[in-house]
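Protein chains in written order, with this note's numbering: chain A, 143 to 403; chain B, 143 to 403; chain C, 143 to 403; chain D, 143 to 403.
Every residue, glycine too, gets a C-beta built ideally from N, C-alpha and C.
These figures come from a predicted structure and were not determined experimentally.
There are 4 protein chains.
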Amino acid sequence: MTIRAVVWGENVHEQENKIVGDLYPKGMHQCIADVLNAEGGIEATTATLQQEEHGLPAERLAQTDVLLWWGHAAHGDVSDEVTERVCEAVWSGMGMIFLHSAHFAKPFKRLMGAACNLTWREAGERERIWLTSPNHPIAHGLPNPFDLEHEEMYGEPFGVPEPLETVFVSWFQGGEVFRSGLTYKRGAGNIFYFRPGHETYPTYHDANVHKVLTNAVKWAYNPASRVANPTDAPNVPVDQAPEKIVERGPRLHQDGEEGFR
Amino acid sequence: MTIRAVVWGENVHEQENKIVGDLYPKGMHQCIADVLNAEGGIEATTATLQQEEHGLPAERLAQTDVLLWWGHAAHGDVSDEVTERVCEAVWSGMGMIFLHSAHFAKPFKRLMGAACNLTWREAGERERIWLTSPNHPIAHGLPNPFDLEHEEMYGEPFGVPEPLETVFVSWFQGGEVFRSGLTYKRGAGNIFYFRPGHETYPTYHDANVHKVLTNAVKWAYNPASRVANPTDAPNVPVDQAPEKIVERGPRLHQDGEEGFR
Amino acid sequence: MTIRAVVWGENVHEQENKIVGDLYPKGMHQCIADVLNAEGGIEATTATLQQEEHGLPAERLAQTDVLLWWGHAAHGDVSDEVTERVCEAVWSGMGMIFLHSAHFAKPFKRLMGAACNLTWREAGERERIWLTSPNHPIAHGLPNPFDLEHEEMYGEPFGVPEPLETVFVSWFQGGEVFRSGLTYKRGAGNIFYFRPGHETYPTYHDANVHKVLTNAVKWAYNPASRVANPTDAPNVPVDQAPEKIVERGPRLHQDGEEGFR
Amino acid sequence: MTIRAVVWGENVHEQENKIVGDLYPKGMHQCIADVLNAEGGIEATTATLQQEEHGLPAERLAQTDVLLWWGHAAHGDVSDEVTERVCEAVWSGMGMIFLHSAHFAKPFKRLMGAACNLTWREAGERERIWLTSPNHPIAHGLPNPFDLEHEEMYGEPFGVPEPLETVFVSWFQGGEVFRSGLTYKRGAGNIFYFRPGHETYPTYHDANVHKVLTNAVKWAYNPASRVANPTDAPNVPVDQAPEKIVERGPRLHQDGEEGFR
């Protein structure tokens, strides 16, 4: 059984910045998709901001097992409609992986319910990633620690809810730390945030990062069939209550009425 | 030191439905505020949907330690601007308590990042509330269990993230269960969801419910001073890094530049 | 790849009580092992209290992917040595499933670090199990809810730490509730507690319970290789520090010394 | 109302090692107690390993609101009986704070249910402590970050369960990171682990560490009255069930019988 992954890329820096374009001539999204496709059992395609509906029409999301998201310069250009659609797909069981500057992407902020802020510095410094949960499926096969010689710094406090599990914590040469790998669940959907991936560095060409990405896709994949209507709040009529009860007291709603939303 | 609480009420059913109006002649919000004011150490006022900015201008939120929220019929009438303002106040340290049908209120859905759905039945059946964390501050002084003879049923699955702590679980006469008291933290703000409170029943006249409400306000109160800019993501320039580093490699940003949002 | 499961049974009531012996002529442990073996991909054997080292010598635990544990009358007869051995196997990556009255088993209390107490009543009443996390792998393929017509009641408060996820909550005919399916992680090991399974009722002949058991074994299985020395606390000498540092200040320990334990 | 704190010290290095004795002439335990007593609202006394029952007879624990624990060289000399007594006090509502090398203390390992291991290096290197939850009560009044110029290194992975909240994460000069401030709850008891405090450095003379200690004592204090029998598992007879039920089916237990433990 093959996991259907979609790598969503903002695709702005690759077009406008020579350094980024040279590092990722086919775009970061295509680079990541190629990594995933090189691993057995994953079939990855791409979608970008510039496409109609940002490349994420409802029918495509319905066929997506895991969505990866990289954005930075153009978070504000993502439509609220697609944002909500992506969140509903997560609640219905689609896995989702947010990469680096996607900490400020609309779907991430929407799914976290928090400010998702942090401190940052672009100085090409060393990042060392420690496995705090070394036997987590996302850490499978990684050395503890592994280094990225050049990365942007992200520092605590990271404005996110307490995660289900803290998988990675980063050490930075300049003196900061950051919780770099965090898992969450929203509805039926598994969510993973992975810190590294600044566009001016070759992070997505790193073998350990490749391992994290493929592990994370496999972990986020929920084989259960998708929840049909993930926001429904069904009424259970009195005569269908699991235990026999008799209705009592005053009522606001009439039989068969929809609830307020 | 006095905790400044604001009880926000939608104030629709009280005006339009005789049963609700008779039960809560001054409105549910005023009833709850009276309960809080009867407890030493809390100073509670009210705000309603119909007021300008729904009674929650920025200056007032800045002076609010804990906000309680009851809404049902008119969730959609709450403006997105006030919703975002309320969420930012939570991230900056304001405590927040969501009551009953506020599971579908805009600020709750925004803070949870989830569908917040459930099943329901309005049959005046018995609800029995069990203390799963009997020594939690919110459970202080309560019998285990306590009953509400007439309540609306809310049933699992409840579409919310795994909480920090599960304080109450309800048993319903018709055969359902529900996680009725859940704690969360978003940024610096403590959040509590409390299930009971259907408008056609005298729930807010119940002594045990009074205890939950006053306990919850005290628990949600964060005495630390409010975070000034809870969504800021400050740049840390190279020369202010905690450890001396030398900038290396290519850059996307210029000195002193704002990050992308 | 086949998951190697061991079902540990106390095997006391089956020998001494005619009701239990008639329900489970080969013992509850063998009944459960048969259920697991009927599912593809699991190879289940049994171990019992009465065997040497309770059937769990170190070599066998090293070859066990998931251990299931049922005990009740003879918790105190389990040796401390085997208890600690089982816990170390969990920390090294063995999955573990505790069934019903095993809430008071030595390894469960040791792994939870808590009192693990509850209230109880043996009245053959109806238990209805609700899926609070219906898309969790352990809930795969189950109806929501499912009933067990005759079960012992366990009631809240359940004296366990807040779980990673609450998968099931039970409703009891007599008026209680219980968090019936809880997940934990200790070291590299996944742990699941499942409430039903009183020995005088045919619970382990129920098709939905079979589904829970097989799902739970698959969920608890950690395919990563076992941690060799799960309690080691290795010294990192100065000359092997990831960043070059010079030793400073006073020392308590000498080079290459073991730490205190 | 005054919080009654007891600072438990192993009191071995202070007697046997000149460096430690010179730094803490009255013992680390007395130094910490003096810090707590200098803060209004806390009344701190001490207990040591060498005293009868390690200074922790049952009557004293019953009068202790928060217990702090420092041990290192003599973890094995703490009796199992006192260990279990301390854990039961925690389950009944006593707060507990574990300091530095107490990660391997018997009560900590017992309460965590995990291996509690880590990596370490004694090189007097710089530790920088970042506030990951800057508005947590334990972080009140602290700068973010704060440095300890000379400390022992503790490195990830730290073999503890996922905490309720991660309050601090440390950066080490030699390249490691560590989750340095973690909260837990076991029964009615609040637990905090705080990493710094190696005996050959003046850590307990640091003003920021003083703030952490006093904040933690206030946070860990549970004002609810102590749970009388924190391990009891009471039977609820059929005629006292909240809902009227009729007993059915076979029984193992007789009326009024104690459950198995």
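Do the CB positions of T225 of chain A and E185 of chain A come within less than 8 Å of each other? In this structure, E185 of chain A does not lie closer than 8 Å to T225 of chain A by Cβ.
What in chain D is Cβ-close to E385 of chain C, meaning under 7 Å? Within chain D, the residues near E385 of chain C are Q315, G316 and G317.
Taking DSSP as the reference, what is the three-state secondary structure of H278 of chain A? Here H278 of chain A carries a coil assignment [DSSP, helix/strand/coil].
Should N371 of chain C go down as buried or exposed, given a rule of 16 or more other Cβ atoms within 10 Å for buried? By the neighbour-count rule (16 or more Cβ atoms within 10 Å), N371 of chain C is not buried but exposed.
Can you check which of these residues, C:G283, C:Q315, C:A256 and C:P376, is closest to D289 of chain C by C-alpha distance? Ranking C:G283, C:Q315, C:A256 and C:P376 by Cα distance to D289 of chain C puts C:Q315 first.
Test: L253 of chain B CB closer than 8 Å to a CB of chain A: Contact with chain A is found for L253 of chain B, since one of that chain's Cβ atoms lies less than 8 Å from the residue's Cβ.
Output, in chain order, the set of chain C residues within a Cβ distance shorter than 7 Å of E98 of chain B. Coverage of chain B is limited to positions 143 through 403, which leaves residue 98 of chain B absent and any answer about it impossible.
Helix, strand or coil at E294 of chain C [DSSP, three-state]: Secondary structure at E294 of chain C: strand, using DSSP grouped into helix, strand and coil.
Give every residue of the same chain whose Cβ lies closer than 6 Å to the Cβ of S243 of chain A, excluding the five residues on either side of it in the sequence, and list them in chain order. H214.
Going along chain A in order, which residues have a C-beta closer than 9 Å to the C-beta of L273 of chain D? Listed by position along chain A, the residues whose Cβ is nearer than 9 Å to that of L273 of chain D are E298 and P299.
Name the one or two DSSP bridge partners that R403 of chain B has. Per the DSSP secondary-structure output, R403 of chain B pairs with nothing in a beta bridge.
For the pair the segment 149-160 of chain C and the segment 175-183 of chain A, tell me if three or more CB-CB distances fall below 8 Å. Output reads no: the segment 175-183 of chain A does not touch the segment 149-160 of chain C.
Tell me the rounded alpha-carbon separation between G255 of chain A and R337 of chain A. If you take the alpha carbons of G255 of chain A and R337 of chain A, they lie about 19 Å apart.
How is the beta strand (DSSP E) around I161 of chain B delimited, first residue to last? No beta strand (DSSP E) contains I161 of chain B, which is instead part of the alpha helix (DSSP H) from K160 to L165.
Taking the Cβ atom as the reference point for each residue, do A281 of chain C and V309 of chain C lie within a distance shorter than 8 Å? For A281 of chain C and V309 of chain C, yes; Cβs fall inside 8 Å.
Per the contact definition of three or more C-beta pairs closer than 8 Å, is the segment 231-243 of chain C in contact with the segment 326-345 of chain C? Counting C-beta pairs with one atom in each stretch, the segment 326-345 of chain C and the segment 231-243 of chain C have three or more that are closer than 8 Å, which means they touch.
Starting from the C-beta of H155 of chain A, find all residues in its chain whose C-beta is less than 6 Å away, skip the five residues before and the five after it, and write them out in chain order. If we look at H155 of chain A and ignore the five residues flanking it on each side, its Cβ neighbours are V162 and E341.
Cβ-based burial, A362 of chain C [other Cβ within 10 Å; buried from 16]: Buried, because 16 or more other Cβ atoms sit within 10 Å of the Cβ of A362 of chain C.
Going by other Cβ atoms of all chains shown within 10 Å of its Cβ, with 16 needed for buried, is A265 of chain B buried or exposed? So A265 of chain B ends up on the buried side.
Beta-carbon proximity list for W250 of chain D, same chain, < 8 Å, skipping 5 on both sides: With the sequence shown as reference, residue 250 of chain D is identified as Phe, and Trp is not the correct amino acid for it. The beta carbon of F250 of chain D is closer than 8 Å to those of W211, F240, A244, C258 and Y335 in its chain, skipping five residues each way along the sequence.
For E185 of chain B, the first and last residue of its enclosing beta strand (DSSP E): Note, E185 of chain B: beta strand (DSSP E), I184 to T190.
For the candidate residues D:N277, D:Y166 and D:W262, whose alpha-carbon lies nearest to that of D348 of chain D? Per the Cα distances, D:Y166.
Run the CB neighbour count on V408 of chain C, radius 10 Å, all protein chains shown included, and call it buried at 16 or more, exposed below. Past the edges of chain C, shown from 143 to 403, lies residue 408 of chain C, and the structure says nothing about it.
Since I333 of chain C sits in a beta bridge, which residues does DSSP pair it with? In the DSSP assignment, I333 of chain C is bridged to C:M238 and C:Y326.
Please confirm whether A375 of chain A and T261 of chain B have their CB atoms less than 8 Å apart. Against a cut-off of 8 Å, the Cβ pair of T261 of chain B and A375 of chain A comes out as a contact.
Name the DSSP beta bridge partners of N350 of chain D, please? In the DSSP output, where bridge partners are listed per residue, N350 of chain D has none listed.
Are the C-beta of G197 of chain D and some C-beta of chain B separated by less than 8 Å? Judged by the 8 Å Cβ criterion, G197 of chain D is not in contact with chain B.
Buried or exposed: where does S322 of chain D fall if 16 or more other Cβ atoms within 10 Å of its Cβ makes it buried? Only buried fits S322 of chain D, as 16 or more other CB atoms lie within 10 angstroms of its CB.
In the DSSP assignment, find the unbroken alpha helix (DSSP H) run with V220 of chain C in it and report its ends. It is not in any alpha helix (DSSP H) - V220 of chain C carries neither H nor E in the DSSP assignment.
Same chain, Cβ closer than 7 Å to V302 of chain D, neighbours up to 5 away in sequence not counted: Around V302 of chain D: M254, A256, C258 and L324.
Does any residue of chain D bring its CB to less than 8 Å from the CB of V351 of chain C? Not an interface residue.
Contacts that V369 of chain B makes with chain D (C-beta to C-beta distance below 9 Å): From the beta-carbon of V369 of chain B, the residues of chain D found nearer than 9 Å are P276 and N277.
Applying a beta-carbon distance threshold of less than 7 Å, which residues of chain A neighbour V311 of chain B? In chain A, no part has a C-beta under 7 Å from the C-beta of V311 of chain B; the shortest such distance is about 16 Å.
Could you spell out where the alpha helix (DSSP H) holding I174 of chain D opens and where it closes? Boundaries of the alpha helix (DSSP H) around I174 of chain D: M170 to A180.
Counted within 10 angstroms of its Cβ, other Cβ atoms place Q172 of chain A as buried (16 or more) or exposed: Under this definition Q172 of chain A is a buried residue.
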